[in-house]
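Colleague:
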Ligand code: DC
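Numbering (our numbering), first residue to last: 202 to 431.
This is the structure we're talking about:
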């Protein structure tokens, strides 16, 4: 960026979308460009799932998951990395087991409310100028007063192809149709969460991410973000 931008303090930008839409990569890149904090709400759900398993509690049992949350300290750093009881969750969040169980944790309404509260509290104490948060309901439920709400759209086949390439690079043995089927199943499951299901608000800017490179899409977000300047 050329001249240093000046924003009002404490601004929040939310970037929501379906699984594989690219929202996390985009939100993270935007936070770096703005020198703001980044909050990956999906990683918080994953960390809570990990902590629930560590406590030998049942991810399907709402009371047990809620009790686990009340017993842990959870926060993230300005790069979005999540810590549970002071320990960085690095390799433990994106395992097949967490992939499989995280949506059970995210289905519990009281757990969502409690986790959202923790995320908001952390955002309030953040020292950075602003915060970029990504998720499914970051703009609708977690930060309803966000200054800019973005909803990232991408078709199922495009999302599947991107996820497939990522998985291949990580050495995961899976076929493209399997990836597409898993994404479709996650979309259907996410859509059952009522108000928390991924959807744009009336104020949202829609980012069509079917045919854009990462740089083009970040450029688009940055243009919208810079419009928030003083
Ligand atoms: O974006 P992700 O795959 O890391 O999300 C992990 C899970 O958490 C996924 O099942 C959806 C859920 N989630 C949610 O319900 N609400 C959010 N704001 C973020 C994630």
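A virtual CB, placed ideally from N, CA and C, is assigned to each residue, including glycine.
Remember, predicted model here, so these are calculated numbers, not experimental data.
#1: Check whether the segment 261 to 269 and the segment 298 to 313 touch, using three or more Cβ-Cβ pairs below 8 Å as the test.
#2: So what does DSSP say about residue 334, is it helix, strand or coil?
#3: Let me check one thing: in DSSP terms, what residues is residue 212 bridge-paired to?
#4: Out of 426, 431, 428, 419, which one is the CA nearest neighbour of residue 224?
#5: For chain E, is any of its Cβ atoms less than 7 Å away from the one on residue 391?
#6: Could you check if residue 350 is buried or exposed, using at least 16 other CB atoms within 10 Å of its CB as the buried criterion?
#7: I believe residue 333 touches residue 231 by the beta-carbon criterion, under 8 Å. Please report the beta-carbon distance rounded to the nearest angstrom.
#8: What do you reckon, is the C-beta of residue 337 under 6 Å from a heavy atom of the ligand DC?
#9: Could you pull the start and end residues of the beta strand (DSSP E) that residue 254 belongs to?
#10: Given a threshold of 16 other Cβ atoms within 10 Å of its Cβ, counted over all protein chains shown, does residue 214 qualify as buried or as exposed?
#11: Report whether the distance from the Cβ of residue 303 to the nearest heavy atom of the ligand DC is below 6 Å.
#12: Evaluate residue 397 with the Cβ neighbour count: other Cβ atoms within 10 Å of its Cβ, from every protein chain shown; 16 or more gives buried, anything less gives exposed.
#13: Within the same chain, show all residues whose beta-carbon is closer than 6 Å to that of residue 375, passing over the 5 residues directly before and after it, in chain order.
#14: How would you call residue 247, buried or exposed, if buried means at least 16 neighbouring beta carbons within 10 angstroms?
#15: Give every residue of the same chain whose Cβ lies closer than 6 Å to the Cβ of residue 411, excluding the five residues on either side of it in the sequence, and list them in chain order.
#16: Just the Cα atoms here: how many angstroms apart are residue 327 and residue 238?
#17: Following the continuous beta strand (DSSP E) through residue 293, name the residue where it begins and the one where it ends.
#18: Taking residue 386 as the reference, which of 278, 301, 348 has the closest Cα?
#19: Would you kindly check if the distance between the Cβ of residue 402 and the Cβ of residue 331 is under 7 Å?
#20: Kindly identify the DSSP beta-bridge partner or partners of residue 353.
#21: Output the distance between the C-alpha atoms of residue 366 and residue 267, rounded to the nearest integer angstrom.
#22: May I have the straight-line CA-CA distance separating residue 306 from residue 320, to the nearest angstrom?
#23: Taking the CB atoms as reference points, tell me whether residue 298 and residue 245 lie closer together than 7 Å.
#24: Buried or exposed for residue 364, please, with buried defined as at least 16 other CB atoms from any protein chain shown within 10 angstroms of its CB.
Modeller: So, from the listed chains and residues:
#1: yes
#2: As a working note, residue 334 is residue 133 in the chain shown. Strand, per DSSP.
#3: Walking along the chain shown from the start, residue 212 turns up at place 11. Bridge partners of residue 212: 331.
#4: Here the question's residue 224 lines up with position 23 in the chain shown. From the listed residues 426, 431, 428, 419, the smallest Cα separation to residue 224 is found for 419.
#5: In the displayed structure, chain E is absent; only one protein chain is listed.
#6: Sequence index remark: in the chain shown, residue 350 carries index 149 (1-based). Buried is the call here.
#7: For the purposes of this step, residue 333 is taken as the residue at position 132 of the chain shown. For the purposes of this step, residue 231 is taken as the residue at position 30 of the chain shown. 5 Å between Cβ atoms; contact.
#8: If you number the chain shown from 1, residue 337 lands on position 136. Checking the Cβ of residue 337 against the ligand DC gives yes.
#9: What you label residue 254 is simply residue 53 of the chain shown in a count that begins at 1. It is not in any beta strand (DSSP E) - residue 254 instead sits in the alpha helix (DSSP H) that spans 242 to 255.
#10: Locating residue 214 in the chain shown gives position 13, where the first residue counts as 1. Its Cβ being crowded by 16 or more others within 10 Å, residue 214 is buried.
#11: Start at 1 with the first residue of the chain shown, and residue 303 comes out as number 102. In terms of side-chain proximity, the C-beta atom of residue 303 is found nearer than 6 Å to a non-hydrogen atom of the ligand DC.
#12: For the purposes of this step, residue 397 is taken as residue 196 along the chain shown, with counting starting at 1. Buried is the call here.
#13: Numbered from 1 along the chain shown, position 174 holds the residue referred to as residue 375. Closer than 6 Å at Cβ, skipping near neighbours: 368.
#14: Residue 247 sits at position 46 when you count from the first residue of the chain shown. Classification of residue 247: buried, given that the 10 Å Cβ count is 16 or more.
#15: Here the question's residue 411 lines up with position 210 in the chain shown. Excluding positions up to five away in sequence, the list reads 355, 356, 359.
#16: In the chain shown, residue 327 corresponds to position 126, counting from 1. In the chain shown, residue 238 corresponds to position 37, counting from 1. Near 8 Å, if we compare the C-alpha coordinates of residue 238 and residue 327.
#17: Reading the chain shown from its first residue, position 92 is the one you call residue 293. Element bounds for residue 293: n/a, residue is neither H nor E.
#18: Mapped onto the chain shown, residue 386 falls at position 185. The shortest Cα separation from residue 386 among 278, 301, 348 belongs to 301.
#19: As a working note, residue 331 is residue 130 in the chain shown. As a working note, residue 402 is residue 201 in the chain shown. Not in contact: residue 331 and residue 402 (Cβ atoms no closer than 7 Å).
#20: Residue 353 sits at position 152 when you count from the first residue of the chain shown. Paired residues: 218, 408.
#21: Translated into positions along the chain shown, residue 366 becomes position 165. Translated into positions along the chain shown, residue 267 becomes position 66. Between residue 366 and residue 267, the C-alpha separation is close to 36 Å.
#22: Reading the chain shown from its first residue, position 105 is the one you call residue 306. Reading the chain shown from its first residue, position 119 is the one you call residue 320. Going from the Cα of residue 306 to the Cα of residue 320 covers about 16 Å.
#23: Here residue 298 refers to the residue found at position 97 when the chain shown is read from its first residue. Here residue 245 refers to the residue found at position 44 when the chain shown is read from its first residue. No; because the gap between Cβ atoms is not below 7 Å, this pair is not in contact.
#24: Locating residue 364 in the chain shown gives position 163, counting from the first residue. Buried is the call here.
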